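Novice: Everything in the sequence shown is counted per UniProt numbering, starting at 1 for the first residue and increasing by one. C-beta atoms are modelled at their ideal positions from N, C-alpha and C, and glycine is treated no differently. All values reported here derive from a predicted model rather than from experimental measurement.
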Amino acid sequence: MLCPKKLLKENFPNDREYTVETLVEQLALMELHIRDGSWRLCSCNPEKHLPGVAGLASEGLGFAETDDERNFMECLMSQARVFKAKIRSGKYRNQADMNA
């Protein structure tokens with residue numbers, strides 16, 4: 001099975017654009033899992049999406065064009081790691097806990 005061409009890194013003008021687009025996709029998937037409640041049944045957020053966000057944000061530090069963008073990537077990387085640890089520790093058991 002071939003990947004759709006638009007998802008391949010080589011089809012983006014630069015590494016920064018690829019990183020930002022892929023971050024948006026990962027965050028959108030996490031939002032869907034939280035909204036539809038599937039996060040309770042599957043470990044995809046802490047095991048797949050959050051590490052992906054942290055890794056992409058870490059790479060994004062090198063592609064950031066401004067200090068604000070660099071600070072955003074640092075914050076996103078840090079918060080993704082913190083949130084993953086909280087999920088694994090059992091701190092978040094339902095959606096209300098996530099909003100607290």
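1. Where are the alpha helix (DSSP H) runs, 4 residues long or more, that stay fully inside the segment 14-64, in chain order?
2. Give the DSSP-derived three-state secondary structure of F72 in the structure shown.
3. Please look up how many angstroms separate the CB atoms of A57 and M77, rounded, as I've assumed it's under 8 Å.
4. Using 8 Å as the Cβ pair cut-off and three pairs as the minimum, do the segment 42-49 and the segment 17-24 touch?
5. Just the C-alpha distance for R35 and G62, rounded to the nearest angstrom, thanks.
Specialist: Taking the coordinates as given:
1. 15-36 and 50-63, all fully within the segment 14-64.
2. F72 falls in the helix class under three-state DSSP.
3. Between M77 and A57 the Cβ distance is about 4 Å, and since that is below 8 Å, they are a contact.
4. As far as the Cβ criterion goes, the segment 42-49 does not touch the segment 17-24, which means the pair count is below three.
5. One alpha carbon belongs to R35, the other to G62, and they sit about 32 Å apart.
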